[in-house]
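Per my numbering, the sequence shown starts with residue 302, numbered consecutively. All C-beta atoms, glycine included, are put in the ideal place defined by N, C-alpha and C. First up is the structure itself, then whatever we jot down about it.
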Amino acid sequence: MNTTETRQALVLGAGLAGAACCATLARRGWSVQLMDAGSEAAQGASGLPVGMLSPHVTRSPTPLSRLCALGVADAHAQLERLVPEGAGWQPTEVDNLGHDPGRKPAALVRPAALVQAWLDEAQGLGRLQTRWSAQVQRLERRDAHWFALDAGGVVLGRAPVAVVACAFGAHALLQTLFSDDPAALPLRPVQGQLTLASLTGEPLAPRPMRNNGVFVPSYEDRELPPLWPRRVWAMGSTYARGSQDVTVRPEAHERNAASLEQLHPAAADHLRRCAERGELLGWAQVRCASLDRVPMVGAVPDQPALIEQMRAAGHRRGRIPLSDAPRLPGLYMMSAMGSRGLTLAHWCANWLAASMSGEASTLPDDDLDLERAFDPARFAWKSARRQDA
Numbered sequence: 302m303n304t305t306e307t308r309q310a311l312v313l314g315a316g317l318a319g320a321a322c323c324a325t326l327a328r329r330g331w332s333v334q335l336m337d338a339g340s341e342a343a344q345g346a347s348g349l350p351v352g353m354l355s356p357h358v359t360r361s362p363t364p365l366s367r368l369c370a371l372g373v374a375d376a377h378a379q380l381e382r383l384v385p386e387g388a389g390w391q392p393t394e395v396d397n398l399g400h401d402p403g404r405k406p407a408a409l410v411r412p413a414a415l416v417q418a419w420l421d422e423a424q425g426l427g428r429l430q431t432r433w434s435a436q437v438q439r440l441e442r443r444d445a446h447w448f449a450l451d452a453g454g455v456v457l458g459r460a461p462v463a464v465v466a467c468a469f470g471a472h473a474l475l476q477t478l479f480s481d482d483p484a485a486l487p488l489r490p491v492q493g494q495l496t497l498a499s500l501t502g503e504p505l506a507p508r509p510m511r512n513n514g515v516f517v518p519s520y521e522d523r524e525l526p527p528l529w530p531r532r533v534w535a536m537g538s539t540y541a542r543g544s545q546d547v548t549v550r551p552e553a554h555e556r557n558a559a560s561l562e563q564l565h566p567a568a569a570d571h572l573r574r575c576a577e578r579g580e581l582l583g584w585a586q587v588r589c590a591s592l593d594r595v596p597m598v599g600a601v602p603d604q605p606a607l608i609e610q611m612r613a614a615g616h617r618r619g620r621i622p623l624s625d626a627p628r629l630p631g632l633y634m635m636s637a638m639g640s641r642g643l644t645l646a647h648w649c650a651n652w653l654a655a656s657m658s659g660e661a662s663t664l665p666d667d668d669l670d671l672e673r674a675f676d677p678a679r680f681a682w683k684s685a686r687r688q689d690a
């Protein structure tokens, strides 16, 4: 994709995923039009008041843990390069009390600060236009372009290439484009509620703690929005699979208290006393996860063509490589970051931008098999095999 025409892209979604796509594409000379339903960036799950960037360690390596190992250092480098310490993040250590106990390096991050830094970078390069309050209801391909349309069919934007990076919103936009089979695009909403409150005295613990949730005993940020105190403590978040309700609920605060009790009983008592006095603040939003909890990053599959390909292959259908699956021309996705958006957004966006630009894979040779693990066609490929069985 080396012509001026094909280096124009629509990016749908202005959270961590979409903003990282804008920055990595702009660095490569793409002109990007960013569209989002919100009135400004990071209005969804990327609006979390404070999150943690830290290693994701499993008992044995998994595709997600291997991706996170690549992503943590990359994300930390982006913070150090673009976001002033104390105005969106602060370095720390976390006491991990789970299956991999010990003290680990980490960072406390307000994701919206990183989102804005990426958008500022792309705009500084003169390659980003933004359109807010854009209610994109469907995508259509015609005249070698992707058109973003609202509910009335009004064109909101168009480009030869489109990247769908709007978390669970990707499900509605993509499902009818390439398959009527839900198994081909198994994206799931996961609601989470964070409990937090103003911190006026000494922190209740010397450093963050993590097991079933993350306890942040102190986070200071001179750039926090007016809604939040400059100095807070926080616990969360809950993990309600299948829920899209963003109402802050007392019962979710109590679930966070129960998780905190396993980490720090005195802090859990403090949380409950704050609840009784009406001093708790809450934040709830919806994340997006795939069936196997691995992100979906890359070219969107053309499932009807894939089914035909399987049928034409006859008894050899199972030998068709996933990489050979037909794709919808010029359509890409970056979704299902789950609760690892801070860790994965920039690394995945950089890989995607390199792929879109015809560059060699950014993966180390020892990790090239991971491309199959996060390929968006992996579920459609399995579904096509079942339909042709």
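Query, Result
"DSSP three-state assignment for H647, whether helix, strand or coil", "helix"
"Burial state of G454 (16 or more Cβ within 10 Å)", "exposed"
"Cβ contact check for the segment 426–444 and the segment 465–484: 3 or more pairs under 8 Å", "yes"
"7 Å CB neighbourhood of N513 in its chain, flanking five on each side removed", "S560 and Q563"
"Nearest candidate by alpha-carbon position, reference R382, set A473, V456 and A418", "A418"
"Minimum C-alpha distance to N397 - residue among V358, V410, A614 and L669", "V358"
"Nearest-angstrom Cβ-Cβ length linking S584 and L349, presumed shorter than 8 Å", "Checking the displayed sequence, the identity of residue 584 turns out to be Trp instead of Ser. At roughly 7 Å, the Cβ-Cβ gap stays under 8 Å, so W584 and L349 are in contact."
"Local Cβ density within 10 Å of R620, reported as buried at 16 or more and exposed below that", "exposed"
"Where G514 sits in the DSSP three-state scheme", "strand"
"Reference R489; option with closest CA among T496, V517, L592 and R573", "L592"
"S519 versus H400 - alpha carbon distance", "24 Å"
"Residues of its chain near A674, where Cβ-Cβ distance is below 6 Å and the 5 sequence neighbours each way are ignored", "P364 and V595"
"Stretch pair the segment 605–614 + the segment 325–342: three plus CB contacts closer than 8 Å", "no"
"Straight-line Cα distance separating C575 from L581", "6 Å"
"Whole-angstrom C-beta distance between A567 and T712, which should lie under 8 Å", "The chain is shown only over 302 to 690; residue 712 falls outside these bounds and no answer can be derived."
"CB-CB length for A460 against A678, believed under 8 Å", "The Cβ separation is near 22 Å, so there is no contact."
"Member of P402, P406, D676 and G372 whose CA lies at the smallest distance from the CA of P392", "P406"
"Bridge partners - Q309, DSSP secondary structure assignment", "S332"
"Length-filtered (3 minimum) beta strand (DSSP E) runs lying within the segment 494–579", "510–512, 514–521 and 532–537"
"Runs of alpha helix (DSSP H) wholly within the segment 372–443 (minimum 4 residues, chain order)", "412–425"
"Host beta strand (DSSP E) of P602 (start-end)", "M597 to P602"
"Contact check, A413 vs A342, beta carbons under 8 Å", "yes"
"Sequence-distant residues of the same chain with beta carbon closer than 7 Å to L429, five excluded per side", "C323, A327, V333, L335, L420 and A423"
"Own chain residues within Cβ distance below 8 Å of A408, not counting five before or after", "M353, L354, S355, H377, L380, W390, Q391, P392 and T393"
"CB contact below 8 Å: L420 versus chain D", "Among the chains in the structure shown there is no chain D, since it carries only a single protein chain."
"Check whether V395 and M510 have beta carbons under 8 Å apart", "yes"
"Rounded separation between R578 and S347 - CA only", "29 Å"
"First and last residue of the uninterrupted beta strand (DSSP E) at A460", "V456 to A460"
"H693 - DSSP class collapsed to helix/strand/coil", "With the chain running from 302 to 690 in the structure shown, residue 693 is simply not present."
"Close-in-space but distant-in-sequence residues of the same chain around C369 (CB under 8 Å, 5 per side omitted)", "P356, H357, R641, T644 and L645"
"Straight-line Cα distance separating V598 from G639", "13 Å"
"Of the residues T539, S499 and A463, the one placed nearest P527, counting alpha carbons only", "S499"
"Opening and closing residue of the alpha helix (DSSP H) in which M349 lies", "This sequence places Leu at residue 349; Met is not what is there. Element bounds for L349: n/a, residue is neither H nor E."
"DSSP state of S636 mapped onto helix, strand, coil", "strand"
"First through last residue of the alpha helix (DSSP H) which encompasses A674", "L671 to F675"
"Among G316, R508 and R443, nearest to G403 - alpha-carbon criterion", "R508"
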